[in-house]
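Residue numbers (the numbering used here), protein chains in the order written: chain A, 492 to 759; chain B, 492 to 759; chain C, 492 to 759; chain D, 492 to 759.
There are 4 protein chains.
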Amino acid sequence: MIETGKPVHVNGIDFGGSDFVVIGGPCAVESEDQVLSTARAVARHGAKMLRGGAYKPRTSPYSFQGLEEAGLRMLAAARAETGLRVVTEVMSVTQVEVVAAYADMLQIGSRSMANDALLEEAGRAGKPVLLKRGMMATPEEFAAAAGLLIARGCPGVVLCERGIRTFGNSTRNTCDIAAVPLLQRMTGLPVIVDPSHASGRRDLVAPLSKAAVAVDADGLIVEVHPKPEFALSDGEQSLSVAEFGTMMLELDRHLEIWREGRAAAVAV
Amino acid sequence: MIETGKPVHVNGIDFGGSDFVVIGGPCAVESEDQVLSTARAVARHGAKMLRGGAYKPRTSPYSFQGLEEAGLRMLAAARAETGLRVVTEVMSVTQVEVVAAYADMLQIGSRSMANDALLEEAGRAGKPVLLKRGMMATPEEFAAAAGLLIARGCPGVVLCERGIRTFGNSTRNTCDIAAVPLLQRMTGLPVIVDPSHASGRRDLVAPLSKAAVAVDADGLIVEVHPKPEFALSDGEQSLSVAEFGTMMLELDRHLEIWREGRAAAVAV
Amino acid sequence: MIETGKPVHVNGIDFGGSDFVVIGGPCAVESEDQVLSTARAVARHGAKMLRGGAYKPRTSPYSFQGLEEAGLRMLAAARAETGLRVVTEVMSVTQVEVVAAYADMLQIGSRSMANDALLEEAGRAGKPVLLKRGMMATPEEFAAAAGLLIARGCPGVVLCERGIRTFGNSTRNTCDIAAVPLLQRMTGLPVIVDPSHASGRRDLVAPLSKAAVAVDADGLIVEVHPKPEFALSDGEQSLSVAEFGTMMLELDRHLEIWREGRAAAVAV
Amino acid sequence: MIETGKPVHVNGIDFGGSDFVVIGGPCAVESEDQVLSTARAVARHGAKMLRGGAYKPRTSPYSFQGLEEAGLRMLAAARAETGLRVVTEVMSVTQVEVVAAYADMLQIGSRSMANDALLEEAGRAGKPVLLKRGMMATPEEFAAAAGLLIARGCPGVVLCERGIRTFGNSTRNTCDIAAVPLLQRMTGLPVIVDPSHASGRRDLVAPLSKAAVAVDADGLIVEVHPKPEFALSDGEQSLSVAEFGTMMLELDRHLEIWREGRAAAVAV
Numbered sequence: 492m493i494e495t496g497k498p499v500h501v502n503g504i505d506f507g508g509s510d511f512v513v514i515g516g517p518c519a520v521e522s523e524d525q526v527l528s529t530a531r532a533v534a535r536h537g538a539k540m541l542r543g544g545a546y547k548p549r550t551s552p553y554s555f556q557g558l559e560e561a562g563l564r565m566l567a568a569a570r571a572e573t574g575l576r577v578v579t580e581v582m583s584v585t586q587v588e589v590v591a592a593y594a595d596m597l598q599i600g601s602r603s604m605a606n607d608a609l610l611e612e613a614g615r616a617g618k619p620v621l622l623k624r625g626m627m628a629t630p631e632e633f634a635a636a637a638g639l640l641i642a643r644g645c646p647g648v649v650l651c652e653r654g655i656r657t658f659g660n661s662t663r664n665t666c667d668i669a670a671v672p673l674l675q676r677m678t679g680l681p682v683i684v685d686p687s688h689a690s691g692r693r694d695l696v697a698p699l700s701k702a703a704v705a706v707d708a709d710g711l712i713v714e715v716h717p718k719p720e721f722a723l724s725d726g727e728q729s730l731s732v733a734e735f736g737t738m739m740l741e742l743d744r745h746l747e748i749w750r751e752g753r754a755a756a757v758a759v
Numbered sequence: 492m493i494e495t496g497k498p499v500h501v502n503g504i505d506f507g508g509s510d511f512v513v514i515g516g517p518c519a520v521e522s523e524d525q526v527l528s529t530a531r532a533v534a535r536h537g538a539k540m541l542r543g544g545a546y547k548p549r550t551s552p553y554s555f556q557g558l559e560e561a562g563l564r565m566l567a568a569a570r571a572e573t574g575l576r577v578v579t580e581v582m583s584v585t586q587v588e589v590v591a592a593y594a595d596m597l598q599i600g601s602r603s604m605a606n607d608a609l610l611e612e613a614g615r616a617g618k619p620v621l622l623k624r625g626m627m628a629t630p631e632e633f634a635a636a637a638g639l640l641i642a643r644g645c646p647g648v649v650l651c652e653r654g655i656r657t658f659g660n661s662t663r664n665t666c667d668i669a670a671v672p673l674l675q676r677m678t679g680l681p682v683i684v685d686p687s688h689a690s691g692r693r694d695l696v697a698p699l700s701k702a703a704v705a706v707d708a709d710g711l712i713v714e715v716h717p718k719p720e721f722a723l724s725d726g727e728q729s730l731s732v733a734e735f736g737t738m739m740l741e742l743d744r745h746l747e748i749w750r751e752g753r754a755a756a757v758a759v
Numbered sequence: 492m493i494e495t496g497k498p499v500h501v502n503g504i505d506f507g508g509s510d511f512v513v514i515g516g517p518c519a520v521e522s523e524d525q526v527l528s529t530a531r532a533v534a535r536h537g538a539k540m541l542r543g544g545a546y547k548p549r550t551s552p553y554s555f556q557g558l559e560e561a562g563l564r565m566l567a568a569a570r571a572e573t574g575l576r577v578v579t580e581v582m583s584v585t586q587v588e589v590v591a592a593y594a595d596m597l598q599i600g601s602r603s604m605a606n607d608a609l610l611e612e613a614g615r616a617g618k619p620v621l622l623k624r625g626m627m628a629t630p631e632e633f634a635a636a637a638g639l640l641i642a643r644g645c646p647g648v649v650l651c652e653r654g655i656r657t658f659g660n661s662t663r664n665t666c667d668i669a670a671v672p673l674l675q676r677m678t679g680l681p682v683i684v685d686p687s688h689a690s691g692r693r694d695l696v697a698p699l700s701k702a703a704v705a706v707d708a709d710g711l712i713v714e715v716h717p718k719p720e721f722a723l724s725d726g727e728q729s730l731s732v733a734e735f736g737t738m739m740l741e742l743d744r745h746l747e748i749w750r751e752g753r754a755a756a757v758a759v
Numbered sequence: 492m493i494e495t496g497k498p499v500h501v502n503g504i505d506f507g508g509s510d511f512v513v514i515g516g517p518c519a520v521e522s523e524d525q526v527l528s529t530a531r532a533v534a535r536h537g538a539k540m541l542r543g544g545a546y547k548p549r550t551s552p553y554s555f556q557g558l559e560e561a562g563l564r565m566l567a568a569a570r571a572e573t574g575l576r577v578v579t580e581v582m583s584v585t586q587v588e589v590v591a592a593y594a595d596m597l598q599i600g601s602r603s604m605a606n607d608a609l610l611e612e613a614g615r616a617g618k619p620v621l622l623k624r625g626m627m628a629t630p631e632e633f634a635a636a637a638g639l640l641i642a643r644g645c646p647g648v649v650l651c652e653r654g655i656r657t658f659g660n661s662t663r664n665t666c667d668i669a670a671v672p673l674l675q676r677m678t679g680l681p682v683i684v685d686p687s688h689a690s691g692r693r694d695l696v697a698p699l700s701k702a703a704v705a706v707d708a709d710g711l712i713v714e715v716h717p718k719p720e721f722a723l724s725d726g727e728q729s730l731s732v733a734e735f736g737t738m739m740l741e742l743d744r745h746l747e748i749w750r751e752g753r754a755a756a757v758a759v
C-alpha cells in the first residue's frame, strides 16, 4: 500500500535491514545524571538508540511536566558521549522544530497518532519518525497515519506496536503481537515493539521482547531507569539497568535465529 | 471533581440550564447553498445551534479536505440570517484563532481529545468549547481533558458522548448512554449526545436522541443534510431535513418530562 | 430474520404488545422471607413478574451456591400470594425439567448464551425463554442463539440487553442501548433491558430504565432487594424497595408516551 | 493460586515438563480418510497429539453438525495407527461420558469456558482437560474456570490462549501472547497457544507459533487440513500438511532455546 524504501536510516542506524535495533532509556528525562548513567548502561548492553521524553503530557497540572529544551540538551549530551542516537517525543506542532534540532528521530506518541496536524508538521521536518500505534487504532488506521507522514516528505517511518486497549486490568494494554507481521506486509515499513507500554509490567517485558524477535520485528523500544522505584513516571514497567542487561543477554540466542532469517531473505 | 459554573453560556444560549439545546447541521460545509438551506431548516424545526466542519481530517489526500476559512464564512452568514449560533471543529493549534473569530463555540473532535497542545490553545481562546469523547477514552480521561481546558481559562466546557469503539460492526460505535449521568455527576459539566456518530446509522438517530432526553442529557448534536445520499461525508448517518423535523416533533413529548425535571431540580 | 409471533405470552402476561413488562426481584433467592417481602413490594409498585436465582454460578466453592429446588418453591409460593409470574435462571441441561416445573419463564443467562446444548434443551421445555445477551456477543450472534431456541420449538423468546464488556471500570458493563431497536428490527422479538447488570451501579439504574422506555424496549428486569447492603450477591447494583418504588413512579410519565406509541403502531 | 502438580500427564505425553507438545489436526472430523491422512502427516512432522472435532456448534441448522460418535471412532482409529494421543471437544454434559471413552484428553471450547455445569462434569470424568480461554474472559476468570475443574477432581488441566475479541477485523481475534507467562505464574498450570483461532489467518500461524515458543508456552494446537480449500470449517486458518511441515522445521531452531531454558530451570 505504501511504497517506501527500506531500510529506514537514522543517522547511520538502519531499521528494517540486517540489524535488530534496540532503543533503551527512561520514560522521562529527569536529570543529567539520570540520562547519562542510563545511556552508558544501555549502550554497554547493546542498545543502539536512547529514548527519553523531554515533553510530557500535561493532563494534570500537578504531575511532572518534563524538562523541555533542557531535557533535549541532556539527551544530546548523552549522544555525544555514548554514540547512541536519540529518539524523543514531539507532542505539538510548536515543538517540532526544536525537537528536530536535537533528535535523530522524532517520536509521535500513541495519543497523537490521530493528530493530523502534528503528523503533517513532523512529516515535513526532514527527520525519520517513530510512529506509535494509537491504543484503539486498527492496523488500517495506523497505516493511514504513516501514509500521511510519507505524503509530507518524511524520509523514513518506523511503526511501533505498543499494545491496544482491551477489557481487563491484569496488564496495562494487550500486546497485539500478530500486528507486527501484519503491518510489515501491509505497509512495507519496519515495525518495532514497545513491551514496556504493551504490558505495563516489568516481569512481562522480557517475554514480550523475545516474542517480538520471534515474529521478526525490526527492533524494540524498552523503558530502562537507573532506579525504577524512584522514577517520576512508569516506574512499574521500567527495567533496572541490571534487568535490561540480563534480558539483552537472553535475547542474544533468539537474535541468532533472527539474523539467519534476515540473511536468508536477502540471499533470495 | 471540576468546579465550574453551570450553565455554560454560548452567546445567549445556555447548556445545562432549563433548555435542551439541539445542534443540527451537516458533517462538512460543502457550499453556501447547502449550509444555508440546512440552517434554515434546522432552525425552523427547533435547533438553536448550527454545526458543520470547515476543516476535515486529511488522512487520505484524495478525500474532501474541507472549505477552510471560506467554510467558516458560510457558517457565519448562516448565523446572520437564521440567528443560529455556530459550533465548528478546530483540528490544530494553528486554526484556533481563525475558528474562534467566526464561531460561537469551538468543537474539539474525538480524535483530538488527547491532544493536549490543542486543548491548551483552545482553552485560552476565550470561547466555550464542545469537547467530544475520545473513542477509546474512559470517563476519567474525558473529565481530565475537560479539566485541562478549564485550567487554561476556558469560559465553559460542554462534554459530548459520541460512542465508544467496541467489538462488532452492526453500528459504527457503541453509544455509552450511561456515561451521560455518570459524567454529569463526575464533572458538574453539561453533557450532550451525538447520536449520529454513536450509531453511524440514520435509523438509530431518533431512538438514541430519545434516550438522551430520558437520561437527562443537556442537548444533542445531530447530522442533518439536505440530500444525505449526496453528502461528501457521513451520508449514511445524516438525517434529511424531513427526518430531522419528524424527530424533533417526536422529541417534544419527551422534552416536556425533561423540562419538568429541570424545573423541579431548580425548585429544590 | 426470525419469524415468530409477537407478543410472547407468559402465563397471561404479554411481552411485545401493549404493556411494558417490569420484572423485579433479588439477584438470588436467599430465604422465604426475603423473596416474599420483595415480591409483595415489587407487585405493589407495578411489577408484573418476579425474578430471583435459585441456582447460582459456582466459580468459587466458597461463595453462595443458591437454594436450588427449595428456592424454586419459595418463588412459586410468592407467585401464589402475589400473582406475579416467575422467571428464573436455568444453568444446565439437568436443571431444565425442574425449573420448568416451577417457573413461568426460563432465563438463560449471559454466561450461557453460547451454550448450545442448554439452548436446545430449554427450547424443548415448552416454556417461554428470557435470553440474555452474552457479554461478548454481537447482535448477530445473539439473534442466532434465539433462533436455536425457536428451532427447537420454544413457544416464545424475549431478548435481554444487559450490557457488553468494554474497556474501563467506572461501570460493570456498557449498556448498548442502541441494540434494543436494532434487535427488535433484526429479529422481530421483544427486547427488554437489564439496567442493573448493564451498569453495576444503583445510581444508574433509573436513568437506564428511562432510556429503555425511550427507545421503545418491551420491558425491564431490575434487581431489587429488601436490604441491598446485606444482599449475598449484587448488592451494589440492587435497588431497595423504596428506590424501586420511586423509580416506577418516575417511569410513569415516560410510559405514557410509550403507550401512545404502541397504540399508534397498532392503529396503523 | 491453584496448586496442582506439573507436568500434566496425557497418556504418556507430558505438558509443562521438558517437551513442547504440538497438537495438530483438522477443525472438524470429516471422514476416515481425512483424519487418517492428516494424522499420519502431523505425526511425521513432529506432532504428539491429534485434534479434531466430532461435535460441532449447531448455531445454524444448515451448517455441518459433526460426525459425533462415528467421528470419535475415526480419531481412535487414527491413534491406533499413528500413536498420536487424541484431544477432542466436549460441548455438553451429555457428551462427556462418550467423549471420555474415546479421547485421551477432553477439550472445553472457548464458548464453554463459562459453562460451570460442563466444567463440573468434565472435571469428574477422570481425564485431563484442555481448557480454552473464553473470548472475552480475563485471566482471573480463566483461572477460576480451571479451579472449578480441579475442585471436581480433574487429574490435569492445560490452559489454552486462543485470542480475545477486540475491535477491528484484520484478524479474527487478538492473540494475547502476554497472557501465557501471566497465566503460568498465576495458576502454575501449563499454557499452550492456538495460533489458528487467535489469528484466523493462515499466514499468521507460523509467526504466532514462534512467539509462543519464545514466551515459553508449553505447546501449540494447530489446525491442519489435507485440503484447506475444501475444509468444511475454518479452511482459511488451516495449514496444509506441507505448510505444517515447513513450520515445524522452522520451529526447531526456536525449540532448541526453549529446551535449554527448561533444562536450566530444572537444574535450579
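Quick reminder that beta carbons are idealized off the backbone N, C-alpha and C, glycines included.
All of these numbers come straight from a predicted model, not from anything done at the bench.
Those residues which DSSP pairs with residue i across a bridge
i, result
"G507/A", "Answer is none; G507/A lacks a bridge partner."
"I514/B", "M540/B and I712/B"
"I748/C", "Looking at the DSSP assignment, I748/C forms no beta bridge with any residue, so it has no partner."
"L650/D", "L622/D and V682/D"
"R576/A", "M540/A"
Beta-carbon contacts of residue i that lie in its chain and below 7 Å, excluding the five residues immediately before and after
i, result
"A670/D", "P630 and E652"
"T657/A", "T665"
"A432/A", "Within the shown structure, residues of chain A are numbered from 492 to 759, placing residue 432/A beyond reach of any answer."
Pairwise C-alpha distance: residue j and residue i
i, j, result
"L566/A", "A756/A", "35 Å"
"S729/A", "Q675/D", "22 Å"
"A697/D", "V649/B", "49 Å"
"L673/B", "D505/B", "21 Å"
"S601/D", "I655/D", "10 Å"
"P686/A", "E734/A", "14 Å"
"A569/D", "K618/D", "19 Å"
"A519/A", "A591/A", "18 Å"
"S522/A", "E727/C", "47 Å"
"G659/B", "E751/D", "43 Å"
8 Å Cβ cutoff, residue i in contact with chain E
i, result
"I668/D", "The chain inventory of the structure shown lacks chain E, comprising the protein chains A, B, C and D."
Top-ranked residue by Cα proximity to residue i, from the options
i, options, result
"H536/B", "M739/B, W749/B, D743/B and G752/B", "M739/B"
"T579/D", "A758/D, L695/D, V501/D and V704/D", "V501/D"
"L621/B", "N664/B, T665/B, T585/B and R576/B", "R576/B"
"A722/D", "V533/D, G543/D, A538/D and A532/D", "G543/D"
"D709/D", "S583/D, P498/D and G507/D", "G507/D"
"R643/A", "E611/A, V526/A, K539/A and A532/A", "E611/A"
Contacting residues, own chain, Cβ-Cβ under 6 Å from residue i (five flanking each side not counted)
i, result
"A702/A", "I668"
"G736/A", "H536"
"S603/C", "L609"
Beta-carbon contacts of residue i that lie in its chain and below 8 Å, excluding the five residues immediately before and after
i, result
"L699/C", "C666, I668, V684, P686, A689 and S690"
Closer than 7 Å: residue i CB and nearest the ligand NAD heavy atom
i, result
"S687/D", "In terms of ligand content, the structure shown is empty, and the ligand NAD therefore cannot be addressed."
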